[in-house]
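**Q** Protein sequence lines, in the order shown, are assigned to chains A and G.
Sequential numbering from 126 applies to the first sequence in the numbering used here.
Sequential numbering from 177 applies to the second sequence in the numbering used here.
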Amino acid sequence: MSLLLGFMAMSGLFGRSNLGKLEVNIELPEEVFADRPTLGRIRLSNRRRWLPGFLLEVSSAGRKTLFPLVPAGVSAQRSIEVCFTRRGEQPLPEITLRSNFPVNFFWRRFSFRPAGAALVFPTPLPGDTPFDERAPQAPGATLSHQAGQDGELRSISDYQGGEPLKAIHWKLSARQDQLKVKQHAGLSQPPVLIDLTRLPGHLEQRLSRASQLILDLARDNRPVGLRLAEKTLPAAGGQKHKLILLQELALYAED
Amino acid sequence: MLRIKQTILLFCYLATLIAVAPVFLYLDRPVQLLAVGALLGGIANDRRNRVLLKPLPATGLAILAFAIYLLQLSLANPVLPVINLLVLLLALRLVSDKAPRNILQIFVLALFAFASSSLLTLSMAYLGYLLLLTLVLTVGLVLLSFYAAEPDMQLKPRELKKILSWSSLLPVGSLLLMVGFFAILPRTSYPLWNFLNPEPTAKTGFAEQVKPGSFAALASDTATAFRVEMEQQPAEQLYWRGIVLNRITGNTWERATTIPEERVELNRRQLVSQLVFLEPRQDRFLPSLDFPLEVSNYRQHRQNDFVRMSRRALRDRVRYRVETRPGSRLQLRDPVKAETYLQLPAVISPRLQDIARQIRQAQASRQARRLKLEEFFVNQQLTYASSGLQPTKTPVESFLFDSKRGYCEYFASSFALLARLSGIPARLVGGYLGGDYNPLGGYYLVTEEMAHVWVEVLDDDNVWQRVDPSRLAINAEAGLLASRQRQYPWLSELADSFNHAWNRTVISYDLQRQFEILNTARRNLQVLRHSPGSFKPLIAPLLGLLLAAGIGYGLFKYRRHNPTRNLAERFLALAKAGAAVPLPPACGLTEAARLLQQPLANRFAAIYGGAIYRDQTLGRKEICELRQLLAELERAVKNS
Numbered sequence: 126m127s128l129l130l131g132f133m134a135m136s137g138l139f140g141r142s143n144l145g146k147l148e149v150n151i152e153l154p155e156e157v158f159a160d161r162p163t164l165g166r167i168r169l170s171n172r173r174r175w176l177p178g179f180l181l182e183v184s185s186a187g188r189k190t191l192f193p194l195v196p197a198g199v200s201a202q203r204s205i206e207v208c209f210t211r212r213g214e215q216p217l218p219e220i221t222l223r224s225n226f227p228v229n230f231f232w233r234r235f236s237f238r239p240a241g242a243a244l245v246f247p248t249p250l251p252g253d254t255p256f257d258e259r260a261p262q263a264p265g266a267t268l269s270h271q272a273g274q275d276g277e278l279r280s281i282s283d284y285q286g287g288e289p290l291k292a293i294h295w296k297l298s299a300r301q302d303q304l305k306v307k308q309h310a311g312l313s314q315p316p317v318l319i320d321l322t323r324l325p326g327h328l329e330q331r332l333s334r335a336s337q338l339i340l341d342l343a344r345d346n347r348p349v350g351l352r353l354a355e356k357t358l359p360a361a362g363g364q365k366h367k368l369i370l371l372q373e374l375a376l377y378a379e380d
Numbered sequence: 177m178l179r180i181k182q183t184i185l186l187f188c189y190l191a192t193l194i195a196v197a198p199v200f201l202y203l204d205r206p207v208q209l210l211a212v213g214a215l216l217g218g219i220a221n222d223r224r225n226r227v228l229l230k231p232l233p234a235t236g237l238a239i240l241a242f243a244i245y246l247l248q249l250s251l252a253n254p255v256l257p258v259i260n261l262l263v264l265l266l267a268l269r270l271v272s273d274k275a276p277r278n279i280l281q282i283f284v285l286a287l288f289a290f291a292s293s294s295l296l297t298l299s300m301a302y303l304g305y306l307l308l309l310t311l312v313l314t315v316g317l318v319l320l321s322f323y324a325a326e327p328d329m330q331l332k333p334r335e336l337k338k339i340l341s342w343s344s345l346l347p348v349g350s351l352l353l354m355v356g357f358f359a360i361l362p363r364t365s366y367p368l369w370n371f372l373n374p375e376p377t378a379k380t381g382f383a384e385q386v387k388p389g390s391f392a393a394l395a396s397d398t399a400t401a402f403r404v405e406m407e408q409q410p411a412e413q414l415y416w417r418g419i420v421l422n423r424i425t426g427n428t429w430e431r432a433t434t435i436p437e438e439r440v441e442l443n444r445r446q447l448v449s450q451l452v453f454l455e456p457r458q459d460r461f462l463p464s465l466d467f468p469l470e471v472s473n474y475r476q477h478r479q480n481d482f483v484r485m486s487r488r489a490l491r492d493r494v495r496y497r498v499e500t501r502p503g504s505r506l507q508l509r510d511p512v513k514a515e516t517y518l519q520l521p522a523v524i525s526p527r528l529q530d531i532a533r534q535i536r537q538a539q540a541s542r543q544a545r546r547l548k549l550e551e552f553f554v555n556q557q558l559t560y561a562s563s564g565l566q567p568t569k570t571p572v573e574s575f576l577f578d579s580k581r582g583y584c585e586y587f588a589s590s591f592a593l594l595a596r597l598s599g600i601p602a603r604l605v606g607g608y609l610g611g612d613y614n615p616l617g618g619y620y621l622v623t624e625e626m627a628h629v630w631v632e633v634l635d636d637d638n639v640w641q642r643v644d645p646s647r648l649a650i651n652a653e654a655g656l657l658a659s660r661q662r663q664y665p666w667l668s669e670l671a672d673s674f675n676h677a678w679n680r681t682v683i684s685y686d687l688q689r690q691f692e693i694l695n696t697a698r699r700n701l702q703v704l705r706h707s708p709g710s711f712k713p714l715i716a717p718l719l720g721l722l723l724a725a726g727i728g729y730g731l732f733k734y735r736r737h738n739p740t741r742n743l744a745e746r747f748l749a750l751a752k753a754g755a756a757v758p759l760p761p762a763c764g765l766t767e768a769a770r771l772l773q774q775p776l777a778n779r780f781a782a783i784y785g786g787a788i789y790r791d792q793t794l795g796r797k798e799i800c801e802l803r804q805l806l807a808e809l810e811r812a813v814k815n816s
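Right, here's the structure in full:
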C-alpha cells in the first residue's frame, strides 16, 4: 500500500512536470486556402533545464502529432494538417497538448489558442472559365524561368502551402525534417487580367474561381492581374505578386 | 535504432522472473514446468515475431485453469491455489499476443503473484525482490506508455538511454516515499489478512506439561524462539522465565489455575530493561529474564506467580518491553499457602520416600534440607544426556538410581519431587537457559533448543530460591552449558542482525509502535522545552547546517541570477572539448567560436558579445536562445 501510494505520488509529479514550461507554436505556410487541408508546422520548445519532454501529443482540429522525446532546452517540430473553413483573417486553431507519461493510466492535457491570426485565401474552385484554356505543352515551346507544372524538374524548394500534395518530395522531406516540393519549369504565356465581376456564380464562388485561376496561371507562368469592383491590380508574375492577389481575394468585402 | 517493443518485452521477462522466483518452490510441479516452458517459449517466439497461442485457445485455457484451482480453494488452503492460478495465467500471457494491454496484464499478474507470495514468506529476501520488481515494473510501465502510443516506435540508443534513466527516478522516488508512507499510514493493531496466513510453524520449546521419560531423545530445534535487545548480562543470570508448573499428577507436572499470591522485595540497585521480539508460538506465555517485574507495550496479564500471559494467541511476531531487577525476591504473601507446593502424587516409590525421610531427619530447616538434597544429587553422579534414554514407567526412580542419565526435565522433576517429599515447598519453572549475544545488533538470540526446566524452592522466609538441578550433573559444563553460550561467526551474526532489523522495523511495525514513536517524540520535545540547557550540544551542528544551507542557496541564486556567466563557462568548456586545437589561455568567446568551427558557435559569440561588450545585460529571450544554441552545439560536438 505504501509503495503504491509512493508510486502514485511520483507518477503524478512526473506527469505534471512533463507538461510544464513547454511552448507550442503553430507555423503555417504562406498559402492557406479555406476548406483545403494544408500542412502546418508544430514547433514544440522545451524550456526546462533538466527534464526532457516525453510522449507529448499535440492535436489541433482533430489532427494530432506525437513528439516522443524533446530534450531539455531544445525545440522540435512536426507537420500537422490544418484546415480553415472560412477565408479572411482567421484565428489560429486551438491547440491541445496532452501526455500519458509516465504511465498509460491517465492523460493530462491543456488547451489554448495561440496568439495571432492566419490569412486564409478563398477555396480554389476549378470551373469552366474563359481562362481555363491553358496551352498544352507544344513541341518547341520555350521553358520559362518561372515555375510551373508542365516542364522538367527544375529545383527543390521549401513547401509554401499552396502546392498540391503530390508535388511534395516525401523522401527528401523525411531526410531533412522539413517539407520540400519539386519545382518544375513552366512554359511562358501572354498576360491575363481576371475580372472578378465577370466570373460566374455568387461572390464566394467568384472569389474561389479567381483564386483557382491565379494559382493555375501563376503555375503556368502567365503574368496575371486582378480587377475588383473598386480597384485593379495590373498583371505581373512572381510569387510575391501572386500572394498580393490572393490576399486581395481573401480580404475582399469581408465583414 | 532500437524498437521499443524489443525493450518492453525484455521487461516482461524480467518482471516474470522476479515475481515467480520467491514462490517457485511453493508451486505445483506442473505449474513449475509450465512457467519455465512458457518463459522460454515466449522468448523464442517473440524473437521470431510469432505467437504461440491465439487469443481463443488462450482464453479457453485460462478458464480451465480458473476452474481447476477454484475447486481447490478452501479456507484451510486459500493461498496456494490462488498463487498457482496467477502463475498459470502469467504463463499463458507469455505465449500469447503481446499487444500493449496484454503486456499490462503481464505486469499486473506479476505484481499480484509477487504480492501473494508475502502470505507465504516475509523474509528479508522479500525486500530485495520488492526493490527489483518495483524497478522493473515502474520502468516497464513507462516504456509501455511509449509502446501504447506508437507500437512501431523506434528510438535511437541515446534516446532510449534518456528515457530509461529518467524513468528509473520513478521507482527510486516511489521507494523513498514508501518509507515515509510506511511510517505514517495508520495500521490496525491486529493484521487484517492474518486469516490467509498459514498456521504458525514455530513449536513450543518449553512444554505446558513436564513428563520425564516420555521421549527417548530431545529433538534439536535451532528455530529462533525470541530475540531480546538488552545489555549483555552474566551467563549465570540468563534464565528466561516462561511458565510455572505447580501441581504433580503421577509423573506429570502441570499448571494449576489457583495460585497463591506473592509479593516482591525489590532490589533497586540494578535494573535490566529488555525489548523482547517473540516469534510466533502456540502457547500464550511471554518469556522474559527471570523474573519480570513490569511488562509494557503489549496487552498481557500477570499471574500471581509472576508468569506473564498474552491476551491473544501468539500467531504472529510480537514485541514487548520488560523490566527485571536481578536480586529481587519473590515471597509468598501467606505462609500457610506454602502447603500448596507440598502436594504429592498418589503413588511414590519407597526408595524416594527413604531418601526424603533421611533428609527430613537429618535437617530441620528448609535451607539445610535443600543443601542436603543437592548433596544427594551430586553423590548420585548423574549425567546430563539428551539422547539414548529408555522410556520407563518410573522415570524419576530409574533416573536417580539406575540409568542416572537424563535431561533437564529428569533433573528438575526428580529434585522438585524429592524436595516436596522432604518438606520443602517446590515448583518447576519452564523457560530458556542461555542465549547468544549478538554485539552487532545488541541483542540475545534464544533458540528453541535452549528450552530448559529448573526448580524454585521456598526458603525459611517463604522466599522463592532458584535451584537448577541440571547444574549438579557431573558433565554440566559440557552437556548443559556449552551448547547455550555459543559464539557464532561474525558473518552469521551480521546476517542475523539484518534479519532482526527487518523484523523489528517492518514486520512488527504496528499501530502500537506508531504511538510509541509519537509519544517518544512528544517526550523529547517536552524535555527540550523544560530544560533549554540540553539544547546546547545541538547548537553548533545546527548553526553549521544552517550556514551550509545558506551558502548553497546563495550559490544557487547567484548562478540563477547570473546566467550569463554560466552560459559563457559552458560555451568555453564546450569549445575546449570540441575544438581541433587546444584553446589558448584566457581565450575569448569569439576566438573560441572560430576554433570550434561551428556556425552555431559564431552565432552564440555574436549574441553574447553583442550584449556583454556593449555593457548591457542579456534579455530573457537572448538567454533562451543562447541556451538552445548551447544545447544544439553540445549535440553537434558530441556527434562529431
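Built from N, CA and C at the ideal position, the CB exists for glycine as well.
Given the structure is predicted, the values throughout are model-derived calculations rather than measurements.
1. What residue does the alpha helix (DSSP H) around G/Lys338 start on, and which one ends it?
2. Are G/Arg495 and G/Arg487 closer than 7 Å when you measure CB to CB?
3. Pick from A/His366, A/Cys208, A/Phe132, A/Gly137: whose alpha carbon is nearest that of A/Gly286?
4. Spell out the partners DSSP gives G/Tyr620 in its beta bridges.
5. Do you know how far the Cα of A/Val199 is from the Cα of A/Leu318?
6. From the beta carbon of G/Ala324, is the nearest beta carbon of chain A less than 7 Å away?
7. Pull out every residue of the segment 187–207 of chain A whose Cβ sits closer than 9 Å to any Cβ of chain G, in chain order.
8. Under a Cβ-count criterion, where at least 16 other Cβ atoms within 10 Å of its own Cβ denotes burial, should G/Arg680 be classed as buried or exposed?
9. If you reduce the DSSP assignment to three classes, tell me which class G/Tyr245 lands in.
10. If you draw a straight line from the C-alpha of G/Glu375 to the C-alpha of G/Val629, how long is it?
11. Helix, strand or coil for A/Ala361, going by three-state DSSP, please let me know.
12. Examine chain A for any beta-carbon lying closer than 7 Å to the beta-carbon of G/Lys733, and answer yes or no.
13. Could you tell me which chain G residues have their CB closer than 7 Å to the CB of A/Ser127, listed as they occur along the chain?
14. Using a C-beta cutoff of 7 Å, does G/Ser321 count as contacting chain A?
15. Can you look up A/Gln271 in the DSSP assignment and give me helix, strand or coil?
16. Within the chosen definition, does the segment 222–229 of chain A reach the segment 177–185 of chain G through at least 3 CB pairs nearer than 8 Å?
17. In chain order, what are the residue ranges of uninterrupted beta strand (DSSP E) at least 3 long that sit wholly in the segment 127–214 of chain A?
18. If you draw a straight line from the alpha carbon of A/Leu138 to that of G/Leu309, how long is it in whole angstroms?
19. With a threshold of 7 Å between beta-carbons, can A/Leu376 be considered close to chain G, or not?
20. Against chain G, with Cβ distances strictly below 7 Å, would A/Pro227 count as a contact?
21. Should A/Ser236 go down as buried or exposed, given a rule of 16 or more other Cβ atoms within 10 Å for buried?
22. Looking at the secondary structure, which residues open and close the beta strand (DSSP E) in which G/Arg423 lies?
23. Cβ of G/Val318 less than 7 Å from any chain A Cβ?
24. Since G/Leu634 sits in a beta bridge, which residues does DSSP pair it with?
25. At the level of alpha carbons, what is the spacing between G/Ala671 and G/Ala677?
26. For G/Arg179, decide whether its Cβ has a neighbour in chain A, counting only Cβ atoms nearer than 7 Å.
27. Using the Cα positions of A/Gly385 and A/Asp320, report the straight-line distance between them to the nearest angstrom.
28. So which residues of chain A does G/Gly349 contact, with C-beta pairs closer than 9 Å?
29. Going by other Cβ atoms of all chains shown within 10 Å of its Cβ, with 16 needed for buried, is G/Glu437 buried or exposed?
30. Who are the neighbours of G/Thr428 on chain A, taking C-beta pairs under 7 Å?
31. On the DSSP bridge list, what partners appear for A/Trp295?
32. Let me see if you follow: with CB-CB separation under 7 Å, is G/Leu809 close to chain A or not?
33. Would G/Leu309 count as contacting chain A if we go by Cβ distances under 7 Å?
34. For G/Leu346, would you say it is in contact with chain B, using Cβ-to-Cβ distances shorter than 7 Å as the test?
35. Which term fits G/Glu407, buried or exposed, when burial requires 16 or more other beta carbons within 10 angstroms of its beta carbon?
36. Straight-line CA distance for A/Glu214 to A/Val245?
**A** In terms of the structure at hand:
1. Within the second sequence, the letter at position 162 stands for residue 338 of chain G. Segment 333–343, the alpha helix (DSSP H) holding G/Lys338.
2. Locating residue 495 of chain G in the second sequence gives position 319, counting from the first residue. Locating residue 487 of chain G in the second sequence gives position 311, counting from the first residue. For G/Arg495 and G/Arg487, no; Cβs fall outside 7 Å.
3. If you number the first sequence from 1, residue 286 of chain A lands on position 161. Comparing Cα-Cα distances from A/Gly286 to each of A/His366, A/Cys208, A/Phe132, A/Gly137, the minimum goes to A/Cys208.
4. On the second sequence, residue 620 of chain G is found 444 positions in, with the first residue counted as 1. According to DSSP, which records beta bridges pairwise, G/Tyr620 is partnered with G/Val404, G/Tyr613.
5. Taking the first residue of the first sequence as 1, we reach residue 318 of chain A at position 193. Taking the first residue of the first sequence as 1, we reach residue 199 of chain A at position 74. So the two alpha carbons sit approximately 48 Å from each other.
6. If you number the second sequence from 1, residue 324 of chain G lands on position 148. For G/Ala324, the answer is yes, since a Cβ of chain A falls inside 7 Å of its Cβ.
7. Leu191, Pro193, Leu194, Pro196, Ala197, Gly198, Val199, Ser200
8. Numbered from its first residue, the second sequence carries residue 680 of chain G at position 504. G/Arg680 is buried by the Cβ-count criterion.
9. The count along the second sequence starts at 1 and reaches residue 245 of chain G at position 69. Of the three classes helix, strand and coil, the one that applies to G/Tyr245 here is helix, per DSSP.
10. Walking along the second sequence from the start, residue 375 of chain G turns up at place 199. Walking along the second sequence from the start, residue 629 of chain G turns up at place 453. Residue placement at G/Glu375 is flagged as unreliable, the pLDDT there being 47, under the threshold of 50; the coordinate-derived value follows with that caveat. Using only the alpha carbons, I get a separation of about 27 Å.
11. Stepping through the first sequence from its first residue, residue 361 of chain A is reached at position 236. DSSP places A/Ala361 in strand when its eight states are reduced to three.
12. In the second sequence, the residue the question calls residue 733 of chain G occupies position 557. So, not an interface residue.
13. As a first step, residue 127 of chain A must be located in the first sequence, where it is residue number 2. Per Cβ cutoff of 7 Å: Met354, Phe357, Phe358, Leu361.
14. For this step, residue 321 of chain G is matched to residue 145 along the second sequence. G/Ser321 counts as touching chain A.
15. Position 146 of the first sequence, counted from the start, is the residue given in the question as residue 271 of chain A. The predicted model places A/Gln271 with a pLDDT of 45, which falls under 50 and marks its position as unreliable; any figure quoted below should be read in that light. Reduced to three states, the DSSP call for A/Gln271 is strand.
16. no
17. 147–152, 163–171, 178–185, 188–195, 200–207
18. In the first sequence, counting from the first residue as 1, residue 138 of chain A sits at position 13. In the second sequence, counting from the first residue as 1, residue 309 of chain G sits at position 133. Distance between the alpha carbons of A/Leu138 and G/Leu309 is about 21 Å.
19. Here residue 376 of chain A refers to the residue found at position 251 when the first sequence is read from its first residue. Answer no: the Cβ-Cβ gap between A/Leu376 and chain G never drops below 7 Å.
20. Residue mapping note: residue 227 of chain A aligns to position 102 of the first sequence, counting from 1. Yes, A/Pro227 counts as interfacial toward chain G.
21. Locating residue 236 of chain A in the first sequence gives position 111, counting from the first residue. Result: exposed.
22. As a working mapping, residue 423 of chain G is identified with position 247 in the second sequence. Where G/Arg423 is concerned, the enclosing beta strand (DSSP E) stretches over 423–425.
23. To locate residue 318 of chain G, count along the second sequence from 1; it is residue 142. Yes - at least one Cβ of chain A is within 7 Å of the one on G/Val318.
24. The residue given as residue 634 of chain G occupies position 458 in the second sequence. Partner(s): G/Trp640.
25. Here residue 671 of chain G corresponds to residue number 495 of the second sequence, with the count starting at 1. Here residue 677 of chain G corresponds to residue number 501 of the second sequence, with the count starting at 1. Their Cα atoms are separated by approximately 10 Å.
26. In the second sequence, counting from the first residue as 1, residue 179 of chain G sits at position 3. It does not; no Cβ of chain A falls within 7 Å.
27. Outside the shown range of chain A (126 to 380) lies residue 385 of chain A, about which nothing can therefore be said.
28. As a first step, residue 349 of chain G is located in the second sequence; it is residue number 173 there, counting from the start. Neighbours of G/Gly349 on chain A, chain order: Gly131, Phe132, Ala134, Met135, Leu138, Phe139.
29. Residue numbering aside, residue 437 of chain G sits at position 261 when the second sequence is read from its first letter. The residue is exposed, with fewer than 16 neighbouring Cβ atoms inside 10 Å.
30. Position 252 of the second sequence, counted from the first residue, corresponds to residue 428 of chain G. Chain A residues near G/Thr428: none, gap ~49 Å exceeds 7 Å.
31. Here residue 295 of chain A corresponds to residue number 170 of the first sequence, with the count starting at 1. The partner list for A/Trp295 (beta bridge, DSSP) is empty, contrary to what the question assumes.
32. For this step, residue 809 of chain G is matched to residue 633 along the second sequence. Not one chain A Cβ lies under 7 Å of G/Leu809.
33. By one-based count along the second sequence, residue 309 of chain G stands at place 133. G/Leu309 does not count as touching chain A.
34. The structure shown contains no chain B; its protein chains are A and G.
35. Counted from its first residue, the second sequence places residue 407 of chain G at position 231. The Cβ neighbour count for G/Glu407, taken over all protein chains shown within 10 Å, is under 16; the residue is labelled exposed.
36. Position 89 of the first sequence, counting from 1, holds the residue named residue 214 of chain A. Position 120 of the first sequence, counting from 1, holds the residue named residue 245 of chain A. Each residue's Cα considered, the two are about 6 Å apart.
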